[in-house]
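This report refers to the structure that appears directly beneath it.
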Amino acid sequence: MIYRLAVFGNPIAHSRSPEIHEKFAEQHCFEINYDRILVPVKNFDTYASEFLESGGKGFNITAPFKHDAFRFSAIRSKSAELAQAVNTVSIREGVIYGDNTDGVGLRQDMIINLGWTIEGKKILMLGAGGAASGVVGDLLAANPKSFHILNRTLSKAKIIVDLHQDYRLRAIAIPDTNYDIIINATSAAFKGEKLDLPPSVFSKKSCCYDLTYGKEANRTPFLMRSKEFGVASVADGFGMLVEQAAQAFEIWFGINVLTGPVIASFRETNVFS
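Residues in the sequence shown are numbered from 5 upward in steps of one, following the working numbering.
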């Protein structure tokens, strides 16, 4: 039996999800047919329904449809409710179930693959859009000392804070300390914008993570600026992409996969270097 899966987005040609999930399936010796589906901006529900009705086992969602997928799902996980976004859809007893695996993916990449410590650390997140909201809950679950969200529009950051109701989480307009972990969840890398961050947020012990992945990911304005200040470690978002995919694969098939070899295979072939 060949299982049908897909990722929905617009644009979508850049997605590496098909290759990643195919490598997961190979580990367990079965076949999948995982497609990239370009969805017109106002037609998500139609495309999603048709895919499931035609025998699709489940699908992933990327920008700009994660909020559409949230509304499309009849039942949603706690992570999805906190994020107000869904990136993985499956069918449970005939009901459409929405989950969000982004936060777990980021946490796993930081702790397992990169060896970073989150517990007891001060976190600064840049941005308060969908990428940011999808990861806050799972990072808070790793017990940081504090978690600040810096965004040009403070009210957007406060929406995330109000959703979580956690004393460690704050929306800030101006950072007033240095941080152990700094995460870029803005779209500045794609727009070529310079991030105006004061040097005081960085220290020699800081670990800096950009959610962006791709051939230019290790040269984003954020990571380049981080390197200028001699931080302890920098990372792009490809490890998170693989880890969140592994969580989705487990949702669909109920089996665990090895992520390390998959990440290494992409790095070794210079797909993301």
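Idealized CB from N, CA, C, for every residue including glycine.
Along the segment 72–152, the beta strand (DSSP E) occurs as fully enclosed runs of 3 or more residues at 92–96, 99–103, 126–130, listed in sequence order. Within its own chain, the residues whose Cβ lies closer than 7 angstroms to the Cβ of I36, once the five positions on either side in sequence are excluded, are I6, Y7, L9, H25, E26, A29, listed in chain order. Its chain contains G243, E247, T263, G264, I267 as the residues whose beta carbon lies nearer than 8 angstroms to that of N117, once the 5 sequence neighbours on both sides are disregarded; these appear in chain order. Taking one beta carbon from each stretch, the segment 38–52 and the segment 202–211 have fewer than 3 pairs nearer than 8 angstroms; the two do not touch. For S237, the uninterrupted beta strand (DSSP E) run begins and ends at 237–239, by DSSP. Look at I163 here: in three-state DSSP terms it is helix. Relative to N155, the option among T66, M129, V99 whose CA is nearest is M129. Bridge pairing for R40: V11 [DSSP]. Beta-bridge partners assigned by DSSP to L173: F151.
Put simply, of D39, H18, I100 the residue whose alpha carbon is nearest the alpha carbon of A67 is H18. Shown here for F48: same chain residues with a beta carbon closer than 6 angstroms to its own, the five before and five after excluded, namely F69, D72 in chain order. W256 and F233 have their C-alpha atoms spaced approximately 43 angstroms apart.
If you draw a straight line from the Cα of L227 to the Cα of T216, it comes to about 10 angstroms.
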